[in-house]
Each structure stands twice: as structure tokens, then as C-alpha cells.
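See below for the structure under consideration.
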Amino acid sequence: MGSGASADHLPEWSWKTSELISRLQGYPGYNDQMQMDYIIHVCDLLHFRAHTPISGPKWAARFADLGGPEGLLQAMTKWKEMEVLVRACLRCLITMGTLSDEVCTSVLELGGLAVLESCREAHLQDDFIVHEAPVLAALLSKQALKLARLRIQEQLAAFKVCGHCKRPLADMQDLTGAQAHHHHHHDLHHSTTAHDKSGFKYKNMGGNLDGIVAGEEDSQVVVEMDAFYGDSEQVDPRREAEKERISTIVGDMMKYPNEEAVQDVGCEAIMALSKSGSEEAVVEGQVVPALVAAANTFPDSRLVQWKAASAASALARMGESVCCELGKRGMVASLMAALRTFPDAEVKQLVIYALSECSTFEINFQRMVHLRLEELLNQVAEQVAKEKHGFSIHIPDRLASRFKRPTQEDEMDSDEEAVDEDEFVVTEKKGNVWDPIKPPKPKFGTVADL
Numbered sequence: 001m002g003s004g005a006s007a008d009h010l011p012e013w014s015w016k017t018s019e020l021i022s023r024l025q026g027y028p029g030y031n032d033q034m035q036m037d038y039i040i041h042v043c044d045l046l047h048f049r050a051h052t053p054i055s056g057p058k059w060a061a062r063f064a065d066l067g068g069p070e071g072l073l074q075a076m077t078k079w080k081e082m083e084v085l086v087r088a089c090l091r092c093l094i095t096m097g098t099l100s101d102e103v104c105t106s107v108l109e110l111g112g113l114a115v116l117e118s119c120r121e122a123h124l125q126d127d128f129i130v131h132e133a134p135v136l137a138a139l140l141s142k143q144a145l146k147l148a149r150l151r152i153q154e155q156l157a158a159f160k161v162c163g164h165c166k167r168p169l170a171d172m173q174d175l176t177g178a179q180a181h182h183h184h185h186h187d188l189h190h191s192t193t194a195h196d197k198s199g200f201k202y203k204n205m206g207g208n209l210d211g212i213v214a215g216e217e218d219s220q221v222v223v224e225m226d227a228f229y230g231d232s233e234q235v236d237p238r239r240e241a242e243k244e245r246i247s248t249i250v251g252d253m254m255k256y257p258n259e260e261a262v263q264d265v266g267c268e269a270i271m272a273l274s275k276s277g278s279e280e281a282v283v284e285g286q287v288v289p290a291l292v293a294a295a296n297t298f299p300d301s302r303l304v305q306w307k308a309a310s311a312a313s314a315l316a317r318m319g320e321s322v323c324c325e326l327g328k329r330g331m332v333a334s335l336m337a338a339l340r341t342f343p344d345a346e347v348k349q350l351v352i353y354a355l356s357e358c359s360t361f362e363i364n365f366q367r368m369v370h371l372r373l374e375e376l377l378n379q380v381a382e383q384v385a386k387e388k389h390g391f392s393i394h395i396p397d398r399l400a401s402r403f404k405r406p407t408q409e410d411e412m413d414s415d416e417e418a419v420d421e422d423e424f425v426v427t428e429k430k431g432n433v434w435d436p437i438k439p440p441k442p443k444f445g446t447v448a449d450l
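Numbering (UniProt numbering), first residue to last: 1 to 450.
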């Protein structure tokens, strides 16, 4: 025990878990030596109790709810030079973390990775700590990835849009609200009249637009339309929420660049936000660099390449600024690399569709020409036709028309059209080639005939 400390303060096997944890963070009358001895004995009791029939995920989760991880981490920080205490805390946290994910979540939220690394560096000569510290770090990393994926999935659900007005359903808290929203737009679709006998009306539009009819001041219409679509100078809470969601998605994708599961769900979330997000939020939120990094990090993953190409195609349709960002940040080059090296024909087809969408911006098309897209498309089409029977590469008309070369017949037709136009101009100047138009004879005679 050391320092002549009495054993009366040590826990007993009969103590409940709540009684054991209640004194972890300190107890009146305990000196440092007594507190360390108490923590070591508690860790041993919890470790052995975890291998009994009373243990389980719920019991370990209760350990986290009662503040067990916090007490152990504080002890490891305060007495990190004490090898025996660090060993006991480390073994207890590994045991509890294996039983329940909530323990790992609590340790992560309290900065457990930094505490673990500092203790490992302080005991490089201790074989147990050097061996077991990576085990706990692996548990925490696994839980961190799971939490990141869950966060992105929550944002993915938040980007779902209404099928009628294409606005996000994030503000709806329950099914009743969603049903009311649906029926509102259903009534709007069937009862709105754009024109009637009294003139143009905004009818059943909801909000401040009720009652606006032709003849009122135009300024009122402009102000209320701006308020309806969020174009006023005031901060729109929906835009702020959208920026926070994008920040969460991009942050987790950048934090775990080498985790395929996180990048996979991240690409899916980007594909969803392109339907309801704004161009400004996508450009400012660094969405495109995160998508490019995911595609470049996993060039051999069918799932990531599939979703990355679909997301790029959806982003390109958002507008010119996002389309320009795709080319400037390297997404066009990444798509070209996937088209050149990825073996799956269906992924190649998706990549071609994405390149077609990106080609609407002229600079992006010039990048494709510089990378010899036309030659690559011909090679891919011939290769797929030979290797995969029953499947052929389809090149969209947008790309095919840009790369189409004029044939000899097209040149002859264009020459003939040019000659006809010149002759028409000359004869118009002469003025004596075409006969003057004669008035038609009356059907029933004239006055002179009578």
C-alpha cells in the first residue's frame, strides 16, 4: 500500500458499481496515496467483474454514464508517472470499451487519445503499456470512424428534399408535419390558378404572398418574394444550417481520408446536398476538394468511384460556379484518370456522363481536349465492345457533337447553301431577274365586265 496507509478505505467486492465509481474523482479525507490505491483496486474489481454473468453492454454503458471514464482519465493525467496505476486504468478501459461503444465515445469526447499518447511516451520501457496502449487506441479509432459515419448519415438525411417544392425537410420534426407539408403542396398544385377573369393572381402560395394581386405596388411584391426565397439581407437560418451540415460532412471526410467507409458515405451525402444545396455554400464549403480527395485516394474502389462520379455529375448541374470549381480543383482530371484506368465498364459509363455534364463549362471542355478525351473515348468504346458482350458505351450527344468532324457531304451542303445565298443577294440587287408579282384575276369578274 505504501506510506503506511490503512486498508479501510479500499473497496470491497460487495460494493455496487455506483459506489465504486463515486469515489474515483476524489473523496474527502483521502491523500494522494490513498486515492491511487483506491483507483487501482477499483480498476481490478471492474476488470474481474466484467468477466462475470452480471456484466454486459448495459452494465458497461452505466459505467460510462456514472462518469467512470472521466475519473480514470483524470487519474492517468495526474499520476501518469505511476506505472501500476496507468496499467490498471488502461486494462479497465480496454475491458469496458470492448463491452460498450458508449465507453469509447465518452473517452473520445474527454480527449482520451491525447492522454493515452502522453502515458505511452512516459513509459516506453514498460512492455505492458507499450503493448496495450495501441489496443485501446484501435478501439477508440474504430468508434471515431463509426461516429463520423453516423454524423454524415444524419446530414445525408437532413438534405432530403420535398418532391413538390424541392426544399429540404430538415425542419420537420415528425411525420405529421411532413404529411401536412405534402398536403399543402398537393392543394397548391390543384388549386392554384395562374390566370382568371380578374387578372393574374398569386393564390394559395402561403406565407406573405396571400392576397397579392395585380395592381398593388411592385415594391411589396419584390420585398415579399425576397423574404419568401431567402434573398433578404437578414441571416437565413436555413442557409446557416446548410453550411453547418456541409462543414460536418467535409470535416469528417478530411479527418479520415484513408477510411473507405467514411469516404463512401461522404460521397453519397455530397450527391444528396447537390439537390437542395446552394452553389455558394458548396463552393465556400470546400465540397469539391473533399470529393476529389476521396476519388484520388481510392482509385480501385468501385463503390467510391461510382458515387464520386455520380456526385460530380450532380454538382455540375447545380450551376456554372460549381462546374468551374470541378475543373479548377481537379475533378475533371480525376474523372479522366478513372476512365483511363478503372476496369469496370459501368463505372466508365458513369464517368462519361459526369464528363458530359462538366463539359458545359467551356474551360472544362478545353481541359478534356488537352487530355485527349476524344481518343480515350474511342479506345474505351472499342475495349468494352470486345470484352463485355451485350454492353456498349453510350457517348452523350453533348460530347459527341463537340467532337464530330464534318464529312464531305456536310462540306458540299454548306458550299451549296453559301452559293444560293450569294445568288439571291446578287439577283436582289439587279432587280430584273424575278417577274413582278401580278395581282390574281377576280373570281367573279370586274366592274368593266359588267
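We treat Cβ as the ideally placed atom computed from N, Cα and C, and that holds for glycine.
The structure displayed is predicted, hence computed values, not measured ones.
* **Own chain partners of residue 22 with C-beta closer than 6 Å, once the 5 adjacent residues on each side are dropped** => none
* Asked: Assuming residue 294 and residue 308 make a contact with CB atoms under 8 Å, what is their CB distance in whole Å?
  -> 6 Å
* Asked: residue 326 to residue 92, Cα distance in whole Å?
  -> Cα to Cα, the separation comes out at about 49 Å.
* Is residue 47 helix, strand or coil when you go by DSSP? -> helix
* To do: Could you tell me whether the stretch 236-245 touches the stretch 271-285, where touching means 3 or more Cβ pairs closer than 8 Å?
  => yes
* Among 272, 285, 334, 312, nearest to residue 299 - alpha-carbon criterion -> 334
* To do: Output the distance between the C-alpha atoms of residue 268 and residue 156, rounded to the nearest integer angstrom.
  => 8 Å
* Please list, in chain order, all residues of the same chain as residue 49 whose beta carbon is under 8 Å from its beta carbon, the five residues on each side excluded. => 17, 55
* Asked: Sorted by chain position, which residues of the same chain lie with C-beta nearer than 7 Å to residue 143's C-beta, five sequence neighbours on each side aside?
  -> 101, 104, 105, 108
* How about residue 151 and residue 252: do their beta carbons lie closer than 8 Å? -> yes
* **At least three beta-carbon pairs within less than 8 Å, the stretch 349-360 to the stretch 382-402** => yes
* Asked: According to DSSP, is residue 29 helix, strand or coil?
  -> DSSP places residue 29 in coil when its eight states are reduced to three.
* Hey, residue 66 and residue 89: beta-carbon distance below 8 Å or not? -> no
* Asked: Considering only C-alpha positions, which residue in the set 259, 362, 86, 346 is nearest to residue 44?
  -> Among 259, 362, 86, 346, the Cα nearest to that of residue 44 belongs to 86.
* To do: Compare the beta carbon distance of residue 60 and residue 96 with 8 Å and say whether it is the shorter of the two.
  => yes
* Near residue 259, what residues of its chain come up, given a Cβ to Cβ distance below 6 Å and the 5 sequence neighbours on each side ignored? -> 145
* Could you tell me whether the Cβ atoms of residue 115 and residue 82 are closer together than 8 Å? => Contact flag unset, no.
* **Through-space distance from residue 140 to residue 256, alpha-carbon basis** => 13 Å
* Asked: Applying the criterion that 16 or more other CB atoms from any shown protein chain within 10 Å of the CB defines a buried residue, is residue 329 buried or exposed?
  -> buried
* To do: Leaving out five residues on either side along the sequence, give the residues of the same chain with a beta carbon under 6 Å from the beta carbon of residue 189.
  => Note that residue 189 scores 45 on pLDDT, short of 50, meaning its location in the model is unreliable and no value can be drawn from it.
* To do: Can you tell me which of the three DSSP states residue 128 falls into?
  => Three-state result, residue 128: helix.
* Asked: Leaving out the 5 sequence neighbours to the left and right, which residues in its chain are closer than 8 Å to residue 345 when beta-carbon positions are compared?
  -> 384, 387, 388, 391, 393, listed in sequence order.
* Asked: Do you know whose CA, among 343, 372, 319, lies nearest residue 360's CA?
  -> 319
* To do: Please go through the same chain and pick out, in chain order, the residues whose beta-carbon is closer than 7 Å to the beta-carbon of residue 365, but skip the five residues on each side of it.
  => Here the set comprises 359, 402.
* Could you pull the start and end residues of the alpha helix (DSSP H) that residue 69 belongs to? => 68-78
* Asked: Mapping DSSP to helix, strand and coil, what is residue 366?
  -> helix
* If we count the other Cβ atoms within 10 Å of its Cβ and call it buried at 16 or more, is residue 124 buried or exposed? -> exposed
* **Residue burial classification, residue 363 (beta-carbon count within 10 angstroms, cutoff 16)** => Looking at its Cβ environment, which holds fewer than 16 other Cβ atoms inside 10 Å, residue 363 is exposed.
* Leaving out the 5 sequence neighbours to the left and right, which residues in its chain are closer than 7 Å to residue 80 when beta-carbon positions are compared? -> 86, 118, 119, 122
* **Residue nearest to residue 240 in terms of C-alpha spacing, selected from 285, 262, 271** => Looking from the CA of residue 240, the closest CA among 285, 262, 271 belongs to 285.
* Environment of residue 153 [buried if 16+ CB atoms lie within 10 Å] -> exposed
* **Per-residue burial, residue 342 [other beta carbons within 10 Å of its own, 16 or more giving buried]** => buried
* Best match in 374, 350, 249 for proximity to residue 147 [C-alpha to C-alpha] -> Residue 249 is the option with its Cα nearest to residue 147.
* Asked: If we ignore side chains and look at the alpha-carbon of each, how far apart do residue 287 and residue 304 end up?
  -> 15 Å
* Rank 33, 369, 373 by C-alpha distance to the C-alpha of residue 348 and give the top, closest one. => 373
* To do: Please say whether residue 340 and residue 376 have beta carbons closer to each other than 8 Å?
  => yes
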